[in-house]
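Chains as they are written, first to last, in this note's numbering: chain A, 111 to 409; chain B, 10 to 327.
Where is the CB? At the ideal position from N, CA and C, for every residue including glycine.
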Amino acid sequence: MIAQRLTIPKKKTDIIFDIAIYTVAILMIVMIIYPLWFIIIASFSNPADVANGNVLFWPKDWRLDGYIELVKQEMIWRGYLNTILYTIVGTMIGLFVNITAGYALSRRELLGRKWIMIVYILPMFIGGGLVPTYLVVREFGLLDTFWVLVLPFSVSAFNIIIARTFFKNSIPETLWEAAQVDGCGTLRYFITMVLPLSKAILAVIGLWTAVGIWNSWFDAMIYLSSEHLQPLQLVLRRILIMNESLLGQASGELATELRALSEMMKYAAIIVSTLPIMCLYPFLQKYFNRGVMVGSIKE
Amino acid sequence: MKTKVEDGSLVLSNRSKQSIFGKKLKKSAPLYVLLLPSIILLICFFYIPLYGIVIAFKDYSPALGFWGSPWVGFKHFIQFFNSYQFDLTIKNTLTIGLYSILVGFPLPIALAILCNQIRVGMFKKVFQVTTYLPHFISTMVMCGMILIFLSPSNGLFANLLSLIGVEMPNILSNPSAFSSIYVWSDVWQHVGWDSIIFLAALSAINPTYYEAATMDGAGKLQKILHIDLPLLLPTAMILLILRAGNVLSVGFEKVLLLQNPLNLAGSEVISTYVYKVGLQNFEYSLSTAIGLFNSVVNVIILLLVNWISKRLTKTSLL
Numbered sequence: 111m112i113a114q115r116l117t118i119p120k121k122k123t124d125i126i127f128d129i130a131i132y133t134v135a136i137l138m139i140v141m142i143i144y145p146l147w148f149i150i151i152a153s154f155s156n157p158a159d160v161a162n163g164n165v166l167f168w169p170k171d172w173r174l175d176g177y178i179e180l181v182k183q184e185m186i187w188r189g190y191l192n193t194i195l196y197t198i199v200g201t202m203i204g205l206f207v208n209i210t211a212g213y214a215l216s217r218r219e220l221l222g223r224k225w226i227m228i229v230y231i232l233p234m235f236i237g238g239g240l241v242p243t244y245l246v247v248r249e250f251g252l253l254d255t256f257w258v259l260v261l262p263f264s265v266s267a268f269n270i271i272i273a274r275t276f277f278k279n280s281i282p283e284t285l286w287e288a289a290q291v292d293g294c295g296t297l298r299y300f301i302t303m304v305l306p307l308s309k310a311i312l313a314v315i316g317l318w319t320a321v322g323i324w325n326s327w328f329d330a331m332i333y334l335s336s337e338h339l340q341p342l343q344l345v346l347r348r349i350l351i352m353n354e355s356l357l358g359q360a361s362g363e364l365a366t367e368l369r370a371l372s373e374m375m376k377y378a379a380i381i382v383s384t385l386p387i388m389c390l391y392p393f394l395q396k397y398f399n400r401g402v403m404v405g406s407i408k409e
Numbered sequence: 010m011k012t013k014v015e016d017g018s019l020v021l022s023n024r025s026k027q028s029i030f031g032k033k034l035k036k037s038a039p040l041y042v043l044l045l046p047s048i049i050l051l052i053c054f055f056y057i058p059l060y061g062i063v064i065a066f067k068d069y070s071p072a073l074g075f076w077g078s079p080w081v082g083f084k085h086f087i088q089f090f091n092s093y094q095f096d097l098t099i100k101n102t103l104t105i106g107l108y109s110i111l112v113g114f115p116l117p118i119a120l121a122i123l124c125n126q127i128r129v130g131m132f133k134k135v136f137q138v139t140t141y142l143p144h145f146i147s148t149m150v151m152c153g154m155i156l157i158f159l160s161p162s163n164g165l166f167a168n169l170l171s172l173i174g175v176e177m178p179n180i181l182s183n184p185s186a187f188s189s190i191y192v193w194s195d196v197w198q199h200v201g202w203d204s205i206i207f208l209a210a211l212s213a214i215n216p217t218y219y220e221a222a223t224m225d226g227a228g229k230l231q232k233i234l235h236i237d238l239p240l241l242l243p244t245a246m247i248l249l250i251l252r253a254g255n256v257l258s259v260g261f262e263k264v265l266l267l268q269n270p271l272n273l274a275g276s277e278v279i280s281t282y283v284y285k286v287g288l289q290n291f292e293y294s295l296s297t298a299i300g301l302f303n304s305v306v307n308v309i310i311l312l313l314v315n316w317i318s319k320r321l322t323k324t325s326l327l
C-alpha cells in the first residue's frame with residue numbers, strides 16, 4: 111500500500127515528451143541508414159534507373175555490372191593488397207612502439223619520467239608542419255617506399271597515454287613485487303606477465319591504428335609516386351573524386367553506356383572498400399567505445 | 010621512498026650519493042630500452058622537422074639545407090599578409106571553423122541527452138550502433154558519397170527534390186554553399202561518435218538526483234534542464250576549449266577532396282593553401298611560414314578560450 115502511494119503518476123507532459131524522443135530517434139536512424147542503404151541498392155541496379163530516380167527503396171533491374179567491371183581493374187586488387195599490407199605491418203609497428211612507451215612511462219621508478227612525458231606530449235600541440243616534415247622524410251630516403259606509410263608517424267601520444275593509464279590502473283603493483291622476489295627482470299616481466307594481462311588495451315589500440323591506416327590517404331598522396339605502392343584509398347580517389355574514366359574512351363552511344371558503367375563502379379567501389387570495417391564494426395563496437403572511455407580518463 | 014632517500018642523503022658521502030643515482034639508473038635502464046624505439050622515431054620525424062621551422066625565416070634552397078640557407082627574417086610572412094590569398098583563406102577558414110563549432114558542438118550534447126532518455130534497452134542499442142556507424146567511413150568514401158548525392162543532374166537529392174517538384178541547384182560549385190556542405194556532412198558522420206563522451210558523463214550522474222526531482226514533481230524536461238545540463242557543463246567546456254584551439258585547422262583532407270575550381274572562392278582554407286604553395290609550387294619557405302602562422306594563431310586562441318573558461322566556469326585545461 112505504501113509503495114503504491116509513493117509511486118507518482120506519469121505526467122501528461124512526460125508522455126508527450128516520450129513520443130517526441132522516440133520520433134526524433136527513429137527519424138535519426140532513418141537519416142543515417144537511408145544514404146548507406148541507397149548506396150547498396152544502387153550498386154545492384156540498372157544505372158539508368160538510378161539516374162532517373164526510379165531506385166529509391168529497393169534495387170531495380172538487378173545486375174552486378176559495376177562489381178564485375180571493378181574486379182576487372184587490376185589497380186583495385188593491387189590497392190586492396192597494398193592496404194592490407196600497410197594495415198597489418200603498420201598496426202604491428204604502432205602496437206610495438208606505443209605499448210612499450212606506454213608501459214615504460216607507467217613505471218614509477220623511471221628516472222626523469224616527467225621530462226620524458228613532455229617529450230611525448232609536445233607533438234599533440236605543435237609540429238614542424240607539412241614542408242619541414244616532407245623535407246626530412248625525403249632526407250631519410252623514405253620517399254616512395256613502403257615504409258613511409260607505416261614507420262615515421264607510428265608514434266601516437268594519445269595511444270601512449272591510453273596505454274599508460276591502463277597499465278597504471280589495471281596491473282597490480284604487487285605482481286611486480288612478487289616477480290622481483292622470484293628474480294624476474296623488468297623486460298621479462300613485461301613480456302611474460304604484463305602483456306598477457308593487457309589483451310584489452312592491445313585490442314583497443316590495435317583496432318584504432320588499423321582503422322586509421324585503412325582509411326588514410328594523404329600521406330600516401332604526398333610521399334608515394336609509384337603506382338604499385340598506392341593504397342586502396344588513392345585508387346578510390348581516382349574513381350570517386352577525380353572521376354577518372356578507367357574503362358577507356360569511346361564516342362556516341364558507347365560513351366553513354368561507359369559513363370553509366372562508371373557510375374555503377376563508383377557505388378561498387380564504395381561498398382567493396384568499406385565492407386571490411388562495416389562487417390567487423392558491430393562485433394568490435396565495445397572495444398572502440400572503450401578506447402574513447404579510457405582516453406577520457408586522465409590520471 | 011623519496012623522503013627516505015632525501016633524509017639518508019644528508020649523512021651519505023658524495024660517493025654513495027652517486028651510487029644511489031647509479032642504482033636508480035640501473036633500475037631504469039630496461040625501461041629506457043623500451044622507450045628507445047618511440048624516442049628515435051619522435052626525434053627523427055617530429056623534433057628534426059620542428060627544428061626545420063627555421064626555414065620560415067630563411068630562403069630555403071635544397072642545395073644549402075636547413076642550416077646553410079640565408080636568413081631573410083619575416084619576408085615570407087609579410088609576403089603572405091600582403092597577398093590577396095590572405096584575406097580569402099582567413100575568411101574561409103574562420104567561416105568553416107566557427108560554423109563547425111556552432112553546429113558541431115551542441116548537437117552531440119543534445120544527442121547524448123536524447124539517447125539517455127531512451128528506456129527500451131534493445132532500441133537504445135540499435136540507436137547507438139547506428140549513430141556511431143558513419144564515423145568509420147573513410148574521408149575519401151564520405152566525399153565520394155557527397156559528390157554522388159549532391160550531383161545536380163541525377164544525384165539522390167536531385168531525385169528526391171524532383172518528387173516534390175523542386176529543382177536541385179548546383180551547390181557543389183557554389184562557393185557560399187561550401188561551408189554548409191562541409192559542416193552538415195560532418196554532423197551526419199560524427200555526431201553520434203562525438204556524443205559518446207557526454208553519454209558517459211550522463212551515466213555517471215547519481216540516480217538519487219532524479220529520484221529527488223521526481224518526488225518534487227519534476228517532469229522529464231525539467232530534469233534535463235536542471236540536472237543533466239548543469240552536470241554536463243564541465244565536460245562540455247573542456248571539449249569546447251579543445252575545439253576552439255583547432256578552429257583554424259579545419260578538416261584539411263575533406264576540404265581538399267571537395268574542392269573544385271568553381272567553389273574555390275569558398276573552399277580555399279589556410280591548410281589547403283599551405284599544401285598547394287609547398288608541395289605543388291615548391292615554395293618551401295613561404296609554405297612553412299603560413300603553416301607556422303596558422304599554428305601560432307591556434308595556440309593563442311586555445312589559451313584565450315581556456316582563460317575565458319577559467320574565469321567564467323572555473324573549468325580549464327591547464
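query                                                                                                               : result
Interface flag, B/THR104 vs chain A, CB-CB below 8 Å                                                                : no
Cβ neighbour criterion (16 or more within 10 Å) applied to B/VAL264                                                 : buried
Reduced DSSP secondary structure (H/G/I, E/B, other) of A/LYS170                                                    : coil
Simplified DSSP assignment, three categories, for B/TRP80                                                           : strand
Within chain A, partners of B/ASN168 - CB distance below 7 Å                                                        : GLY163
Per-residue contacts from A/ASP175 into chain B (C-beta, under 8 Å)                                                 : Simply none; closest approach about 17 Å.
Beta-carbon proximity of B/ALA245 to B/ILE118, cut-off 8 Å                                                          : yes
Ordered list of alpha helix (DSSP H) runs contained in the region 27-107 of chain B, each at least 4 residues       : 57-60, 74-77, 84-91
Collapsed DSSP secondary structure at A/MET111 in the structure displayed                                           : In this prediction, A/MET111 scores a pLDDT of 43, lower than 50, which makes its location untrustworthy; the coordinate-derived value is nonetheless stated afterwards. Three-state result, A/MET111: coil.
The region 307-316 of chain B contacting the region 255-264 of chain A, beta-carbon criterion three pairs below 8 Å : no
Separation of A/VAL229 from B/PHE54, as counted between CA atoms                                                    : 13 Å
B/LEU321, buried or exposed, once every other Cβ within 10 Å from all chains shown has been counted against 16      : exposed
Pair within 8 Å by beta-carbon distance, A/LEU334 and B/GLY287                                                      : no
Listed by chain order, chain B residues near A/ASP124 by CB distance under 9 Å                                      : GLY228, LYS229, LEU230
CB contact below 8 Å: A/VAL260 versus chain B                                                                       : no
Three-state secondary structure (DSSP) of B/ASP225                                                                  : coil
Whole-angstrom distance between B/THR140 and A/ILE431, CA atom to CA atom                                           : With chain A represented from 111 up to 409, any question about residue 431 of chain A goes unanswered, as that position is not in the structure.
Against chain A: residues of the region 260-294 of chain B by CB proximity under 7 Å                                : GLU262, LEU266, VAL283, TYR284, GLY287, LEU288, TYR293
Where the alpha helix (DSSP H) through A/VAL140 begins and ends                                                     : 122-153
Start and end residues, alpha helix (DSSP H) containing A/VAL185                                                    : In the sequence on display, residue 185 of chain A carries Met and not Val. That run of the alpha helix (DSSP H) goes 184-216.
Burial state of B/GLU15, where buried means 16 or more other Cβ atoms lie within 10 Å                               : Residue placement at B/GLU15 is flagged as unreliable, the pLDDT there being 48, under the threshold of 50; the coordinate-derived value follows with that caveat. Its Cβ having fewer than 16 others within 10 Å, B/GLU15 is exposed.
Cutoff 8 Å; reference B/GLY113; Cβ partners in own chain excluding five residues on either side                     : VAL192, ASP195, VAL196, HIS199, VAL200, ASP203, ARG252
Nearest neighbour of A/LEU137, chosen from B/PRO239, B/PHE136, B/MET151 [CA to CA]                                  : B/PHE136
Buried versus exposed, by CB contacts within 10 Å (16 or more), B/LEU238                                            : exposed
C-alpha distance - B/GLN231 paired with B/PRO243, whole-angstrom precision                                          : 20 Å
Buried or exposed by the 16-neighbour rule on C-beta atoms within 10 Å, applied to A/ARG218                         : exposed
Alpha helix (DSSP H) segments (min. 4 residues) lying fully within the region 204-290 of chain A                    : 223-231, 240-249, 267-280
Within chain B, partners of A/GLN343 - CB distance below 7 Å                                                        : SER147, MET149
Assigned exposure category for B/PRO143 - 16 Cβ within 10 Å defines buried                                          : buried
Buried versus exposed call for B/MET224 [16 or more other C-beta atoms within 10 Å across all chains shown]         : exposed
Contacting positions in the region 261-275 of chain A - beta carbon closer than 8 Å to chain B                      : LEU261, PRO262, PHE263, SER264, VAL265, ILE270
N- and C-terminal bounds of the alpha helix (DSSP H) containing B/HIS235                                            : From DSSP, B/HIS235 is part of no alpha helix (DSSP H); its letter is neither H nor E.
Classification of A/ALA378 by the beta-carbon crowding that lies within 10 angstroms, buried from 16 upward         : buried
Contact under 8 Å by Cβ, A/TYR391 with B/PHE132                                                                     : no
Neighbour list for B/VAL314 in chain A, Cβ cutoff strictly below 7 Å                                                : Under the 7 Å cutoff, chain A gives no residues; its nearest Cβ is about 14 Å from B/VAL314.
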